[in-house]
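Read through the structure below, which is laid out as structure tokens, and then see the notes.
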Amino acid sequence: MLDNLSLLVDAPVLNAQLLLDGLFIGATFALAAYGMALVWGVMNIKNLAQGDFVILGGYIAVSLSSVGLNPVLALPIAVVIMFAFGWITYKLIISRIIDRDLFTSLLATFGLAIVMAQAMNLIFGADVQTAESGMDTLLLGDFVTVNEIKIVSLVIAAVLATIVIVFMKRSRMGQAIRATAQDVRAARVMGIDTDRVYAFTFALNSAICGAAGVLISMIWVIQPYFGITHTIRSLVIVTAAGLGNLPGVIMAGFGLGFAEQYAGFVFGAEFQQATVVGLLVLILIVRQIQQARHRQVVQ
Amino acid sequence: MHKLFRRTAIAQALVFSAFVGVGGLAALPANAKVEGDTIVLGSAISITGKYSSNGVNAQNGYDFAIKRINEMGGVKVGGKSYKLKVIYYDDESTPARGAQLAERLIKQDNIKFMLGPYSSGLTKAIAPVTEKYKIPMVEAEGASRSLFTQGYKYLFAVLSTSEQYLASSIALAAEMAEKQGKKPSTVKIAMAFENDPFSLDVRAGVVDDAKKYGMKVVIDDKLPRDLSDMSATLTKVKALKPDVLVVSGHEKGATTAARQIKEMNIDVPLIAMTHCESGKVVQQFGASTNGFLCPTQWSETLSYKDKYFGSAADYDKAFKAAYPSYKTVPYQTAQASAAVLVWKDAFERANSFDTEKLRQALSATEMETFYGNIKFSPAGNNVAKPMVLRQIQNGEYKVVAPTKWASSELQYPRKASQ
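Chains as they are written, first to last, in the working numbering: chain Y, 1137 to 1435; chain D, 447 to 864.
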């Protein structure tokens, strides 16, 4: 561990590699986390199946690329399919639990996660799969390598985020979503069909997850049971950034990307994901202390 | 009082005779798993669940060998010819289910002769059951070394144990270092192994051999079960420039490593990993996988042969003809067929269906099959067949070690073409 740290000091160029890898993967983390924050903030549902939506998006890309479509071009198709999937899921499951307490929604979405993972196992098989974009690797200097698909992913993630922000600010539906998030009853009084807003929000989240999944399948590998790790990542990011704080979500996403890469380097790959959970605990403790101080001020 | 006594006596007699009756019935099935002229074997195998693809490969291997043996006159015991048959149950790839089904095969179906399940994990779950009932099991798909340290007496495995998977790659690295005029002890090794019984066994073999040559391990990373990124480990590889990179983490390890080795232009002279073929690295990452060393239990280019299948190449051809959906024959299939040959050989040498005599016959097995030589150690693993190391050369798997069977020269250092 110590010799790994001294490596980083001796060869600063290693940091560049780790930071770049962290940046690119962090962008896709932020995307999925933003979807989670949206559903959490608007509907007060913590979607534990978030990661499985991501993986499902990845499988759509893998399936489409196996029939000859470039996975980058598969992205819009995956977004549309996942939007529909999200809408149906809302109508079938989420609409029934939206007014229930926290544990009902946690249990329901956790159950959904298990069913989705098993279904994907049956449909796509248990093997690890990837979608090949066919892009080359760039060599920066004589050490740092960046696969072009990672740069493309970063751009796509940025474009998608911008579209969502503009949509939320400008469009009629975006305004309705924000109104519903602020006060459901007031929104209803103003004539907003909140059920439709919920359905749209959940479907939008599903579509965002689908996009993130397509990017993940091109950068990393996917497997039916990898969903849970992505759920935890989203949870960590949203917990760190807070709800309705998009810049915060993006920064936390990048931060988590960096943290994973550094943890993988210093402690070994085995602790890469353990770090994510460790960070969640740390964030909760820090939050607790902050809030305790806040309470004292109020007193 | 007297009457009562008589009544109890009658009751006792009744109970006694009932016991005798049941005992008599129970005594019958001792031979029941030889039905008429058919010997019935039993196996719990993964037909569904996460091991289903290799489970079915193994099942096809069993069936293929059984069909061949039956066509060639069956098994001769006591001057009579018997046919072979297998009862299969689907263990759904879960160890708990596998153990239940082994109980069911033995207790309800009165199976006396078992064939193994797929994977070390399932074999680990079933072996205690067969051991408890003293039922011999010949298995072909559980390679973990830990299976053979439990003192099992009824477990026999035709395949090489997992610590042998990549150990020979270290010997190759030593050989190459000497060729270049360097001492083997100057060789630097980078290791990335999943934290599971199989991969840790593989690691143990590598570490033992590295110690033997006095090589230095510069990276020793463990991979998580749900591995999807090992770029940080590979960044270390780029920084420390080892001479050998060894990876084992089932299919996901092979796929993830191959993808990121390609993306990060990792240039290590010798790269060895398990599960290249089942991880489909060549199909997915093409020329960038050139030079990878991949261990296999069996290859159709080896020169082993027997009187049932002929040479390894003949087996390959015959199996593809019988199962046209296979483009290549997985070693999981070949070793399953070999397990059936071991049973046939043991039946004929024991010349009996007594499980104890059969156990002794199995322990004394010494035969050549198309799959390799088979001779069991007292612990039950096959000590007569070495692992084979193949190198990916222009997208094809060529045997490069051991030298006795090498069909091609080792390409060293590997030429990474992106």
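C-beta atoms are modelled at their ideal positions from N, C-alpha and C, and glycine is treated no differently.
Residue of the options minimising C-alpha distance to residue i
i	options	result
A1357 of chain Y	Y:A1297, Y:L1290, Y:S1269 and Y:S1307	It should be noted that the sequence gives Val, not Ala, for residue 1357 of chain Y. Residue Y:S1269 is the option with its Cα nearest to V1357 of chain Y.
S566 of chain D	D:I557, D:K625 and D:P541	D:P541
A548 of chain D	D:N500, D:F602, D:I491 and D:D791	D:I491
M1326 of chain Y	Y:T1316, Y:G1177, Y:Y1334 and Y:A1347	Y:T1316
N556 of chain D	D:V604, D:S527, D:V480 and D:E517	D:V480
A807 of chain D	D:Y528, D:F793 and D:A613	D:F793
Q596 of chain D	D:G826, D:S527 and D:G756	D:G826
D762 of chain D	D:I485, D:T494, D:V502 and D:A511	D:A511
I1285 of chain Y	Y:I1352, Y:A1323, Y:R1369 and Y:R1314	Y:I1352
D509 of chain D	D:A768, D:R805, D:K629 and D:A623	D:A768
S592 of chain D	D:T681, D:A620, D:F644 and D:E624	D:F644
A784 of chain D	D:N736, D:M813, D:R795 and D:A623	D:M813
K773 of chain D	D:N503, D:V788, D:L487 and D:T494	D:N503
Per DSSP, cross-strand counterpart(s) of residue i
i	result
S757 of chain D	D:K751
V429 of chain D	The structure shown has nothing for residue 429 of chain D, since chain D only spans 447 to 864.
P741 of chain D	D:L835
F639 of chain D	D:K668 and D:S694
S700 of chain D	As written in the sequence, residue 700 of chain D is Ala, which differs from the Ser given in the question. Paired residues: none, contrary to the question.
N407 of chain D	Residue 407 of chain D lies beyond the stretch modelled for chain D, which goes from 447 to 864, so this question has no answer here.
N828 of chain D	D:F822
L1275 of chain Y	Y:T1281
Distance, residue j Cα to residue i Cα
i	j	result
E709 of chain D	S854 of chain D	28 Å
A782 of chain D	V1216 of chain Y	46 Å
T779 of chain D	K766 of chain D	11 Å
T1164 of chain Y	G1389 of chain Y	8 Å
L1276 of chain Y	V1198 of chain Y	29 Å
Y564 of chain D	Y497 of chain D	7 Å
D672 of chain D	D800 of chain D	46 Å
V1417 of chain Y	T1375 of chain Y	10 Å
A656 of chain D	V663 of chain D	8 Å
G469 of chain D	R550 of chain D	Only weak support is given to the placement of G469 of chain D: the predicted model assigns it a pLDDT of 44, under 50, and the value that follows is read from those uncertain coordinates. Whole-angstrom Cα-Cα distance: 19 Å.
N600 of chain D	F594 of chain D	Here the sequence assigns Tyr to residue 600 of chain D, which means Asn is not the residue at that position. When rounded, the distance between both Cα atoms is 11 Å.
A476 of chain D	S489 of chain D	Only weak support exists for where A476 of chain D lies, its pLDDT of 45 falling under 50; the coordinates are left without a value.
Q1359 of chain Y	F559 of chain D	37 Å
F1260 of chain Y	G732 of chain D	22 Å
I1425 of chain Y	T1411 of chain Y	21 Å
S823 of chain D	V1288 of chain Y	56 Å
K580 of chain D	E609 of chain D	28 Å
I838 of chain D	E746 of chain D	15 Å
I1465 of chain Y	A1214 of chain Y	For chain Y, the structure presents residues 1137 to 1435; residue 1465 of chain Y sits outside this window and is missing.
T702 of chain D	S674 of chain D	6 Å
D1263 of chain Y	Y528 of chain D	40 Å
G1414 of chain Y	D752 of chain D	57 Å
L1379 of chain Y	G1177 of chain Y	6 Å
F1189 of chain Y	G1171 of chain Y	11 Å
K531 of chain D	T815 of chain D	21 Å
G841 of chain D	I1233 of chain Y	53 Å
Y552 of chain D	K578 of chain D	Inspection of the sequence shows that residue 552 of chain D is occupied by Ile rather than by Tyr. Each residue's alpha carbon lies about 10 Å from the other.
Y1195 of chain Y	M1218 of chain Y	11 Å
V1422 of chain Y	G1400 of chain Y	24 Å
K831 of chain D	F1160 of chain Y	47 Å
K628 of chain D	K684 of chain D	22 Å
L1238 of chain Y	K1305 of chain Y	29 Å
K658 of chain D	S615 of chain D	13 Å
V714 of chain D	D654 of chain D	21 Å
Contact belief for residue i with residue j at Cβ below 8 Å, rounded distance in angstroms
i	j	result
Q1186 of chain Y	T1367 of chain Y	5 Å
T720 of chain D	P741 of chain D	6 Å
L669 of chain D	V690 of chain D	Between V690 of chain D and L669 of chain D the Cβ distance is about 17 Å, and since that is not below 8 Å, they are no contact.
V521 of chain D	K790 of chain D	5 Å
L1184 of chain Y	T1245 of chain Y	4 Å
A1395 of chain Y	V1385 of chain Y	The Cβ separation is near 15 Å, so there is no contact.
Residue i Cβ short of 7 Å to the ligand SAM heavy atom set
i	result
G1247 of chain Y	Although the ligand SAM was asked about, the structure shown includes no ligands whatsoever.
is_contact[residue i, chain B] using C-beta, thresh 8 Å
i	result
N641 of chain D	In the structure shown, chain B does not exist; the protein chains are Y and D.
Return the residues of the region 668-680 of chain D that lie within a Cβ-Cβ distance of less than 8 Å from chain Y, sorted by chain order.
Under the 8 Å Cβ criterion, the region 668-680 of chain D contributes K668, L669, P670, D672, L673, S674, D675, M676, S677, A678 and T679.
Mind listing which residues of the region 681-698 of chain D have their C-beta closer than 9 Å to chain Y's C-betas, in chain order?
Within the region 681-698 of chain D, the residues whose Cβ lies closer than 9 Å to some Cβ of chain Y are T681, K682, K684, A685, L686, H696, E697 and K698, listed in chain order.
Please name the residues in the region 702-728 of chain D whose beta-carbon is closer than 8 Å to at least one beta-carbon of chain Y, in chain order.
Result list: T702, R705, K708, E709, M710, N711, S724, G725 and K726.
Can you give me, in chain order, the residues of the region 1240-1253 of chain Y that have a beta carbon less than 7 Å from any beta carbon in chain D?
Taking 7 Å as the Cβ-Cβ cut-off against chain D, none of the residues of the region 1240-1253 of chain Y qualify.
Contact list for the region 613-639 of chain D against chain Y, Cβ threshold 9 Å:
Against chain Y - using a Cβ distance shorter than 9 Å - the residues of the region 613-639 of chain D are A638.
For the region 496-510 of chain D, which residues have a CB atom closer than 9 Å to at least one CB atom of chain Y, in sequence order?
Cβ contacts with chain Y: K496, Y497, S498 and S499.
Using a Cβ-Cβ cut-off of less than 7 Å, list which residues of the region 1386-1407 of chain Y approach chain D; keep chain order.
The residues in question are Q1397, G1400, F1401, G1404, A1405 and E1406.
Residues within the region 1140-1152 of chain Y neighbouring chain D, beta-carbon criterion of under 8 Å
Contact residues of the region 1140-1152 of chain Y toward chain D are N1140, L1143, A1147 and L1150 (C-beta to C-beta distance below 8 Å).
Going along the chain, which residues of the region 727-745 of chain D sit with their C-beta nearer than 7 Å to a C-beta in chain Y?
Under the 7 Å Cβ criterion, the region 727-745 of chain D contributes Q730.
Give, in chain order, every residue of the region 1265-1278 of chain Y whose Cβ lies closer than 9 Å to some Cβ of chain D.
Of all residues in the region 1265-1278 of chain Y, those with a C-beta nearer than 9 Å to a C-beta of chain D are Q1265, T1266, E1268, D1272, T1273 and L1275, reading in chain order.
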